[in-house]
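Chemist: Residue numbers (the working numbering): 22 to 354.
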Ligand SMILES: Nc1ncnc2c1ncn2[C@@H]1O[C@H](COP(=O)(O)OP(=O)(O)O)[C@@H](O)[C@H]1O
Ligand SMILES: [Mg+2]
């Protein structure tokens with residue numbers, strides 16, 4: 022691979038914290054920087070924090086490729102696609118999905134509508150915005166109620182699960198107060214939580230499925246990857262969360278999940294890499310819950326666990342993403 026100058030663009034939260042006395046684990050940005058440098062590339066870091074200065078900095082950045090880890094603009098996560106659109110306007114090449122894929126996958130309701138056309142099963146749903154109904158299936162309780170355009174389980178606490186009209190109405194009210202976009206009410210799928218990574222473009226490949234084991238959650242707590250599970254370090258829910266390779270998943274079920282991930286990858290016009298979240302019922306019905314373009318690339322992340330199960334190391338996976346992006350632009354000429 023030719024020696025490149027790679028700008029790693031990331032949000033302010035990913036910036037390395039000030040040196041602490043206690044040893045700390047490397048951030049995804051630090052890990053990726055190290056991988057790229059070891060492979061002989063030159064790197065620089067660009068913090069995209071929502072301030073006008075970061076737009077100026079991007080406009081004058083001197084790089085062959087942007088390694089895009091940006092997930093929003095300022096504190097607005099719905100502006101992730103806008104940042105990619107800005108790269109396009111500047112003529113910058115970047116890793117991962119473009120404006121179209123990021124916009125499609127960001128809207129969970131739109132994603133479900135597109136996937137229905139491609140016969141990828143997703144839970145039944147309704148969407149409502151301040152009293153205006155967009156669409157409603159006939160859904161039974163319990164339901165899960167979430168913001169239509171957020172990520173990282175933002176707005177999905179354990180209370181996202183509603184078992185009655187009262188809980189549903191309270192929850193819709195809360196989400197309308199917290200977020201300025203529609204609320205998605207979805208059939209709750211009781212079952213296993215499975216993630217599948219996809220890498221590639223014309224010849225995309227699905228990694229073996231990985232499972233988030235939620236069995237440690239206290240009795241009476243919904244078995245969901247809520248924000249408590251994902252973010253609250255130190256809580257029992259977080260500490261006990263374990264991602265592993267589910268060796269007991271029947272082969273044909275694993276195949277169905279991987280095929281659904283590949284179909285979704287293409288249908289949603291994603292590029293280079295992505296991760297798909299699934300729930301699998303006890304009788305092995307497969308439901309796609311969500312598409313994640315540009316998933317977390319930290320060495321312990323779910324996507325990387327799947328990559329390892331496919332025979333790739335973490336550095337190989339990072340360098341493959343760079344190569345895939347480069348190849349796309351080479352093809353375009
Ligand atoms: N319909 C559903 N049935 C069961 N669990 C769900 C459903 N929707 C979401 N969840 C749970 O909530 C978690 C977060 O939901 P998701 O839609 O993936 O949001 P985010 O974009 O924040 O990751 C999922 O990983 C899953 O555990
Ligand atoms: Mg998710």
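From the three backbone atoms N, C-alpha and C, an ideal C-beta is built for every residue, glycine too.
Which residues does DSSP pair with residue 265 in a beta bridge?
Modeler: Here residue 265 is taken as the residue at index 244 of the chain shown, counted from 1. According to DSSP, residue 265 bridges with 232.
Chemist: Based on the DSSP output, what are the partners of residue 218 in its beta bridges?
Modeler: Taking the first residue of the chain shown as position 1, residue 218 is located at position 197. Answer is 296.
Chemist: Taking 7 Å as the cut-off, is the CB of residue 167 close to at least one heavy atom of ligand 1?
Modeler: Within the chain shown, residue 167 is the residue found at index 146, counting from 1. Yes, the beta carbon of residue 167 sits closer than 7 Å to at least one heavy atom of ligand 1.
Chemist: Determine, using beta carbons only, whether residue 315 and residue 174 come nearer to each other than 8 Å.
Modeler: Along the chain shown, one-based indexing puts residue 315 at 294. Along the chain shown, one-based indexing puts residue 174 at 153. No Cβ-Cβ contact shorter than 8 Å links residue 315 with residue 174.
Chemist: Can you tell me the Cα-Cα spacing of residue 278 and residue 300, whole angstroms?
Modeler: Sequence index remark: in the chain shown, residue 278 carries index 257 (1-based). Sequence index remark: in the chain shown, residue 300 carries index 279 (1-based). Rounded to the nearest angstrom, the two C-alpha atoms are 10 Å apart.
Chemist: Please state the DSSP three-state secondary structure of residue 278.
Modeler: Numbered from 1 along the chain shown, position 257 holds the residue referred to as residue 278. Correct three-state label for residue 278: helix.
Chemist: Would you mind listing the alpha helix (DSSP H) stretches within the segment 307-349 that are 4+ residues and don't spill past its ends, in chain order?
Modeler: Those alpha helix (DSSP H) runs which fall completely within the segment 307-349 and span 4+ residues are 323-330.
Chemist: Buried or exposed for residue 254, please, with buried defined as at least 16 other CB atoms from any protein chain shown within 10 angstroms of its CB.
Modeler: Your numbering for residue 254 matches position 233 in the chain shown. Exposed: under 16 other Cβ atoms inside 10 Å.
Chemist: Does at least one heavy atom of ligand 2 sit under 7 Å from the Cβ of residue 315?
Modeler: Mapped onto the chain shown, residue 315 falls at position 294. No, ligand 2 has no heavy atom inside 7 Å of this Cβ.
Chemist: Which residue wins for smallest C-alpha separation from residue 195, given the options 288, 180, 184 and 209?
Modeler: Numbered from its first residue, the chain shown carries residue 195 at position 174. Checking every option, the nearest Cα to that of residue 195 belongs to 180.
Chemist: For residue 166, which three-state DSSP category applies?
Modeler: Here the question's residue 166 lines up with position 145 in the chain shown. Strand.
Chemist: If we count the other Cβ atoms within 10 Å of its Cβ and call it buried at 16 or more, is residue 30 buried or exposed?
Modeler: Reading the chain shown from its first residue, position 9 is the one you call residue 30. Residue 30 is classed as buried because its beta carbon has at least 16 other beta carbons within 10 Å across all chains shown.
Chemist: Tell me, please, which residues DSSP counts as bridged to residue 147.
Modeler: On the chain shown, position 126 is the one that residue 147 refers to. Residue 147 is bridged to 157 and 206.
Chemist: If you measure from the CB of residue 387, is any heavy atom of ligand 2 nearer than 7 Å?
Modeler: One cannot answer for residue 387 here, as it falls past the ends of the chain, which runs 22 to 354.
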